[in-house]
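Mind the numbering: the sequence shown is residues 2 to 190 in my numbering, read in order. For every residue, glycine included, the Cβ atom is placed at its ideal position computed from N, Cα and C. For reference, the structure discussed in these notes is given below.
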Amino acid sequence: MRFLFSLSFIVLSIILFVVFTNPTYKEVGTLKMEVLQYKDAINNLNNLETLRDELLLSYRDIKEEDKEKLKHLLPDAVSSIELVLEIEKIASENMVVIKDVDFGSDKEATLSNSGIIGDTNTLNNKYGEYTIGFKLEAEYESFNKFLSELEKNLRLVDVESIKFDTMLSTKEEGSILVYDLEIKTYWLK
Numbered sequence: 002m003r004f005l006f007s008l009s010f011i012v013l014s015i016i017l018f019v020v021f022t023n024p025t026y027k028e029v030g031t032l033k034m035e036v037l038q039y040k041d042a043i044n045n046l047n048n049l050e051t052l053r054d055e056l057l058l059s060y061r062d063i064k065e066e067d068k069e070k071l072k073h074l075l076p077d078a079v080s081s082i083e084l085v086l087e088i089e090k091i092a093s094e095n096m097v098v099i100k101d102v103d104f105g106s107d108k109e110a111t112l113s114n115s116g117i118i119g120d121t122n123t124l125n126n127k128y129g130e131y132t133i134g135f136k137l138e139a140e141y142e143s144f145n146k147f148l149s150e151l152e153k154n155l156r157l158v159d160v161e162s163i164k165f166d167t168m169l170s171t172k173e174e175g176s177i178l179v180y181d182l183e184i185k186t187y188w189l190k
């Protein structure tokens, strides 16, 4: 009888282990893994908060004048009219006459969700691109100075193409040429 009683306790213990203890033990192991994942997430969050605070302090240390220059260098909107006015000012200072401005065709430009005109190829980038074309009249030296000033301008522009057309007139000082200039400008999305 003792033997049967002992054997029944052993069998009952095995059944309890298989039915209750082992699944509970596995569940505890799973919960420990989740706790570790949450601790890692909290550590990452703390690191990101520290980095954010450091970046905010760095940003606050930047002078307002420099912030304005950065906004001018890479604005948060196309502002093509403002760019054309800047280029017109540079042109007039260098005796270059702007005859025509082409803001790009419908094929090149598209309206994004935010209502900003941009190139369809750059909608996935963090910045947008916009191409503007100009027809200019100037002497070669004046056009060279114009390009030099455009390069030194704060606004970020790339000269995409320059085409020289026929001579308009020949003066003693120099010849006036017609130039087709295409530039690409950028903005943050």
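Relative to the C-alpha of residue i, which residue among the options is closest?
i: Val79; options: Tyr180, Phe165, Leu157; result: Leu157
i: Tyr130; options: Glu28, Met96, Trp188; result: The question names Tyr, but residue 130 is Glu in the sequence shown. For the residues Glu28, Met96, Trp188, the minimum Cα distance to Glu130 belongs to Trp188.
i: Tyr141; options: Ala42, Lys164, Leu37; result: Lys164
i: Ser93; options: Leu49, Ala139, Leu52; result: Ala139
So, at 6 Å on beta carbons, what are the nonlocal neighbours of residue i in its own chain, with the 5 sequence-adjacent residues on each side left out?
i: Pro76; result: Trp188
i: Ser106; result: The predicted model places Ser106 with a pLDDT of 46, which falls under 50 and marks its position as unreliable, so this point remains unresolved.
i: Asp166; result: Val179
With respect to the alpha helix (DSSP H) encompassing residue i, which residues constitute its N-terminal and C-terminal limits?
i: Phe144; result: 141–153
i: Val29; result: 23–62
i: Asp77; result: Element bounds for Asp77: n/a, residue is neither H nor E.
i: Val20; result: Segment: none, Val20 is in no alpha helix (DSSP H) and carries neither H nor E.
Beta-carbon within less than 7 Å of residue i's beta-carbon, same chain only, minus the 5 sequence neighbours each way: which residues are those?
i: Asp159; result: Ile184, Lys185
i: Leu155; result: Lys70, His73, Leu74
i: Ile91; result: Phe147, Glu150, Leu151, Asn154
i: Thr22; result: none
i: Leu8; result: none
With C-beta atoms as the reference, is residue i less than 7 Å away from residue j?
i: Ser143; j: Val97; result: yes
i: Ser176; j: Met168; result: yes
Report all residues from its chain with a CB closer than 8 Å to the CB of residue i; omit the five preceding and five following residues, and keep chain order.
i: Asp67; result: none
i: Gly30; result: none
i: Leu13; result: none
i: Tyr128; result: Leu75, Tyr187, Trp188, Leu189, Lys190
i: Thr123; result: Any reading at Thr123 must be qualified, since the residue scores a pLDDT of 43, below 50, and its modelled position is unreliable; no value is offered.
i: Leu84; result: Ile133, Arg156, Val158, Thr186
Taking the continuous beta strand (DSSP E) assigned at residue i, which residues delimit it?
i: Leu189; result: 176–189
i: Val98; result: 98–103
So, does the CB of residue i fall closer than 7 Å to a CB anywhere in chain D?
i: Val158; result: Of the protein chains in this structure there is only one, and it is not chain D.
Three Cβ pairs or more, each shorter than 8 Å: is that satisfied between the segment 86–102 and the segment 123–140? Segment contact: the segment 86–102 against the segment 123–140, three or more CB-CB distances shorter than 8 Å; contact assigned.
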